[in-house]
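S.K.: There's a structure below that I have some questions on.
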Amino acid sequence: MKNHDLHITNSLTRKKEVFQPIKPPFVGLYVCGPTVYGDAHLGHARPAVTFDLVFRYLKHLGYKVRYVRNITDVGHLENDADDGEDKVAKKARLEQLEPMEVVQYYTDRYHHDMEKLNILKPSIEPRASGHIIEQIEMARAILKAGYAYEVNGSVYFDVARYNMDYKYGKLSGRVVEEMVAGNRDLEGQDEKRHPADFALWKKASPTHIMRWPSPWGEGFPGWHLECSAMGAKYLGTTFDIHGGGMDLLFPHHECEIAQSNAANGKDAVRYWMHNNMITINGQKMGKSLGNFITLREFFEGSHKSLHQAYDPMTIRFFILQAHYRSTLDFSNEALQAAEKGLQRLLQAMETLERIKASKTSSVDVSLLEKKCYEALNDDFNAPVAIAHLFDSVRTINSVKDKKESLSSDHLESLRNTFKTFVTDIFGLSGEISKQGEESGQIISGLMDLLLELRQEARKQKDWSTSDKIRDALNGLNINVKDGAEGSSWSISGKN
RNA sequence: GGUCUCGUGGCCGAGUGGCUAGGCGGAGGUCUGCAAAACCUUUUACAGCGGUUCGAAUCCGCUCGAGACCUCCA
């Protein structure tokens, strides 16, 4: 285990707290995954990248992390009214598919997008529909404890009753008494005793497709219950970190807290982490607003708002350049800036492999590693760590230009630090390495040959031949750069 | 209406009492057969008003503006 002084902003206290796992070296991390009834959009990439960073960094520090990210495939209703339709079931009805076909289709596509973004797979990826029994058991426990009631085959959480023994609303700062007045009128809430009550189990109407037997008749679980049930099953009744988007803070996470306390008599989560939203024209990118752009559309450039296609790594870097608790505003300009910046960073890493050590160093690079750790220990401040790395990029390029020098110790230290942070922790990788060992080797071999031929032409001042090679490669999005030490090349972004 | 967050230079974004983050863009220069890249210099900041302080972008108050949640949303 590395020595560290990791601080995490806990949404529950709204303060930065020292991170102390319950049972080191183990860490339990639960993150709310997607409801699989549509393609993932840019907004979905935010928690994925954020908690991928958390996962990677905790592992890097030496923790044994069990990372659970669920797939919601049942119980997520269009709205809170009794006639609210299940999101998955609705999609299935519209497309005339079996609900599980919808689930499988979008789960596969989600995985594909996540892989492109170089998101590590979670340790466990449980589905809500695979844990009906656990959810029924939890609902029973809550009923038995007296914090829920049954009406017509549905089970509702009794918020008012719960609030007498615990404090409902401590995460979102809501007060139960005040929630009645502010609540909008929703039809079909007759069964609930209090507007703030929420379903643990819903009776299935005769036409409802997704249904399971339960002590209360055929039905399906409420949305909030799955996370509580699956978190407890795989991470224990108390675990370290629970993450998700800020928009889930209320009611979803508030309900989770209540369910866990009601069922187990204690809080399930030590540290609540919430990533902020991605905005577009200053407004939240979201499904209901219809202003979202899917990740596939970004990768292909196939959305009318996009001026070009964006590499998944550009998206990843774009997200890492902002702190996870800040909103991040999308625009083509901002993404293009991220694309250029990432190229500069990755190019410097390649340069780092090529430059040769001197006897002495003219610059001090020993502090870089320390500064990067300090940044990440401060609530995973990736943008600050990246800024430090960019400072070293300038140094690296100056060494390449023979304006500065590095000793072999310093050079080695820089290489290690860049690999650790850029590759391992930030999960950023260049195009070439992703193409597989074999084809990558072939390409670099071919490029060496081409550049050698071009160099010979240049020696003989045969500019037409040398420019022809360069222009043709340019046409393939390969940039040729002539330096003092010969020429180098890189693959540029797609246009 | 309630709860909360935010307003930083052309753009994206760190910072949260004194030491002008960083990236992208613009301008000038060095290098180069040309180009690209790189390097150097440079440009425009902390919404407004008041207060606390030796000192505020940073703390407090007010005003204006934007957003999130209160229904599903990452």
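Residues in the first sequence are numbered consecutively from 3, following our numbering. Just so you know, even glycine gets a beta-carbon here, dropped at the ideal spot from N, CA and C.
Please determine if the stretch 348–361 and the stretch 387–407 are in contact, where contact requires at least 3 C-beta pairs separated by less than 8 Å.
M.R.: Flag = yes, the stretch 348–361 and the stretch 387–407 touch.
S.K.: G148: which of M166, L297, Q137, E136 sits nearest, CA to CA?
M.R.: Walking along the first sequence from the start, residue 148 turns up at place 146. Of the listed residues, the one whose Cα sits closest to G148 is M166.
S.K.: S407 and S360 look like a contact to me (Cβ under 8 Å); what is the Cβ gap, rounded to whole Å?
M.R.: For this step, residue 407 is matched to residue 405 along the first sequence. For this step, residue 360 is matched to residue 358 along the first sequence. Their Cβ separation, rounded to whole angstroms, is 4 Å, which keeps S407 and S360 in contact under 8 Å.
S.K.: Suppose you measure from the CA of T11 to the CA of N379; what does that come to, to the nearest Å?
M.R.: Here residue 11 refers to the residue found at position 9 when the first sequence is read from its first residue. Here residue 379 refers to the residue found at position 377 when the first sequence is read from its first residue. Going by the C-alpha atoms only, they are around 11 Å apart.
S.K.: Does I243 pass the burial test, meaning 16 or more other C-beta atoms within 10 Å, or should it be called exposed?
M.R.: For the purposes of this step, residue 243 is taken as residue 241 along the first sequence, with counting starting at 1. Buried.
S.K.: Run the CB neighbour count on V20, radius 10 Å, all protein chains shown included, and call it buried at 16 or more, exposed below.
M.R.: Within the first sequence, residue 20 is the residue found at index 18, counting from 1. So V20 ends up on the exposed side.
S.K.: Under three-state DSSP, which class holds E406?
M.R.: Taking the first sequence and counting its residues from 1, the one referred to as residue 406 is at position 404. Coil.
S.K.: With which residues is M275 paired in a DSSP beta bridge?
M.R.: The count along the first sequence starts at 1 and reaches residue 275 at position 273. DSSP output for M275 lists G245 as bridge partner(s).
S.K.: Suppose you measure from the CA of E127 to the CA of R71; what does that come to, to the nearest Å?
M.R.: To locate residue 127, count along the first sequence from 1; it is residue 125. To locate residue 71, count along the first sequence from 1; it is residue 69. Taking the straight line from one Cα to the other gives about 5 Å.
S.K.: Note the first and the last residue of the continuous beta strand (DSSP E) segment covering D484.
M.R.: Here residue 484 is taken as the residue at index 482 of the first sequence, counted from 1. Per DSSP, D484 belongs to the beta strand (DSSP E) from 480–485.
S.K.: Compute the distance between the beta-carbons of L122 and F57, then report whether it is under 8 Å.
M.R.: The count along the first sequence starts at 1 and reaches residue 122 at position 120. The count along the first sequence starts at 1 and reaches residue 57 at position 55. Taking 8 Å as the Cβ cut-off, L122 and F57 qualify as a contacting pair.
S.K.: Let me confirm a value: G233 is counted as buried when at least 16 other C-beta atoms fall within 10 Å, else exposed. Which label applies?
M.R.: As a working mapping, residue 233 is identified with position 231 in the first sequence. By the 10 Å Cβ count, G233 comes out buried.
S.K.: Would you kindly work out how many angstroms separate the C-alpha atoms of R356 and L337, rounded to a whole number?
M.R.: Within the first sequence, numbered from 1, the residue matching residue 356 stands at position 354. Within the first sequence, numbered from 1, the residue matching residue 337 stands at position 335. When rounded, the distance between both Cα atoms is 29 Å.
S.K.: Starting from the C-beta of K235, find all residues in its chain whose C-beta is less than 6 Å away, skip the five residues before and the five after it, and write them out in chain order.
M.R.: In the first sequence, the residue the question calls residue 235 occupies position 233. So the list reads E136, once near-sequence residues are dropped.
S.K.: Extract the residue ranges of the beta strand (DSSP E) inside the stretch 38–79, only unbroken runs of 3 or more that lie entirely within it.
M.R.: DSSP runs (the beta strand (DSSP E)) wholly in the stretch 38–79: 66–71.
S.K.: Going along the chain, which unbroken runs of the beta strand (DSSP E) with 3 or more residues stay wholly within the stretch 418–479?
M.R.: Counting whole runs of 3 or more residues, the stretch 418–479 contains no beta strand (DSSP E) stretch at all.
S.K.: Are H276 and S468 closer than 8 Å when you measure CB to CB?
M.R.: Position 274 of the first sequence, counted from the first residue, corresponds to residue 276. Position 466 of the first sequence, counted from the first residue, corresponds to residue 468. Their beta carbons are not under 8 Å apart, which means H276 does not touch S468 by this criterion.
S.K.: Please report the straight-line C-alpha distance between E256 and M116, rounded to a whole angstrom.
M.R.: Taking the first residue of the first sequence as 1, we reach residue 256 at position 254. Taking the first residue of the first sequence as 1, we reach residue 116 at position 114. So the alpha carbons of these two residues sit roughly 28 Å apart.
S.K.: Just how far apart, CA to CA, sit S131 and G245?
M.R.: Stepping through the first sequence from its first residue, residue 131 is reached at position 129. Stepping through the first sequence from its first residue, residue 245 is reached at position 243. About 21 Å.
S.K.: Output the distance between the C-alpha atoms of L202 and H226, rounded to the nearest integer angstrom.
M.R.: As a working mapping, residue 202 is identified with position 200 in the first sequence. As a working mapping, residue 226 is identified with position 224 in the first sequence. Taking the straight line joining both Cα atoms gives about 7 Å.
S.K.: Please state whether the Cβ-Cβ distance between F241 and D199 is less than 8 Å.
M.R.: Position 239 of the first sequence, counted from the first residue, corresponds to residue 241. Position 197 of the first sequence, counted from the first residue, corresponds to residue 199. Going by C-beta atoms, F241 is not nearer than 8 Å to D199.
S.K.: Among P36, P217, V365, M212, which residue has its Cα nearest to the Cα of L413?
M.R.: The residue given as residue 413 occupies position 411 in the first sequence. Checking every option, the nearest Cα to that of L413 belongs to V365.
S.K.: Within the continuous alpha helix (DSSP H) that includes W214, where are the two ends?
M.R.: As a first step, residue 214 is located in the first sequence; it is residue number 212 there, counting from the start. W214 -> no alpha helix (DSSP H), and no H or E assigned at all.
S.K.: Return helix, strand or coil for P223, following the three-state DSSP convention.
M.R.: Counting from one through the first sequence, the residue named residue 223 turns up at place 221. Looking at P223 - three-state DSSP - the assignment turns out to be strand.
S.K.: Alpha carbon to alpha carbon, what distance is there between A150 and F428?
M.R.: Here residue 428 refers to the residue found at position 426 of the first sequence. Here residue 150 refers to the residue found at position 148 of the first sequence. Those two C-alpha atoms are separated by around 44 Å.
S.K.: Taking DSSP's pairing of strands, which residues face S492 in a bridge?
M.R.: On the first sequence, residue 492 is found 490 positions in, with the first residue counted as 1. BP columns for S492 point to N481.
S.K.: Shortest alpha-carbon distance to N5 belongs to which of G30, T15, Y65, L44?
M.R.: Position 3 of the first sequence holds residue 5. The shortest Cα separation from N5 among G30, T15, Y65, L44 belongs to Y65.
S.K.: Relative to the C-alpha of K280, which candidate in A91, A143, H43 has its C-alpha closest?
M.R.: Indexing the first sequence from 1 puts residue 280 at position 278. Correcting the residue type first, residue 280 is Ile in the shown sequence and not Lys. The option with the nearest alpha carbon to I280 is H43.
S.K.: Name, in chain order, the residues that DSSP records as bridge partners for R129.
M.R.: What you label residue 129 is simply residue 127 of the first sequence in a count that begins at 1. Answer by DSSP bridge pairing, in chain order: I73.
S.K.: Return the CA-CA distance between N185 and Y164, expressed in angstroms with no decimal places.
M.R.: Translated into positions along the first sequence, residue 185 becomes position 183. Translated into positions along the first sequence, residue 164 becomes position 162. Model confidence at N185 stands at a pLDDT of 45, short of 50, so the residue's coordinates are unreliable; what they give is reported in the following sentence. The straight-line gap from Cα to Cα measures roughly 19 Å.
S.K.: Give the straight-line distance between the Cα atoms of S330 and L250, rounded to the nearest whole angstrom.
M.R.: The residue you call residue 330 lines up with position 328 of the first sequence. The residue you call residue 250 lines up with position 248 of the first sequence. A small correction: the amino acid at residue 330 is Leu; Ser does not occupy that position in the sequence shown. Rounded to whole angstroms, L330 to L250 spans 17 Å at the Cα level.
S.K.: Starting from the C-beta of L8, find all residues in its chain whose C-beta is less than 6 Å away, skip the five residues before and the five after it, and write them out in chain order.
M.R.: On the first sequence, residue 8 is found 6 positions in, with the first residue counted as 1. The residues are F21, N379.
S.K.: At what residue ranges does the stretch 377–405 contain a whole run of the alpha helix (DSSP H), taking only runs of 4 or more?
M.R.: List check, alpha helix (DSSP H) in window: 384–402.
S.K.: Determine the contact status of P385 and H325, defining contact as a CB-CB distance below 8 Å.
M.R.: Along the first sequence, read from residue 1 onward, the residue named residue 385 stands at position 383. Along the first sequence, read from residue 1 onward, the residue named residue 325 stands at position 323. Yes, Cβ-Cβ distance for P385 and H325 is below 8 Å.
S.K.: For L31 versus V76, is the C-beta distance shorter than 8 Å?
M.R.: As a working mapping, residue 31 is identified with position 29 in the first sequence. As a working mapping, residue 76 is identified with position 74 in the first sequence. Against a cut-off of 8 Å, the Cβ pair of V76 and L31 comes out as no contact.
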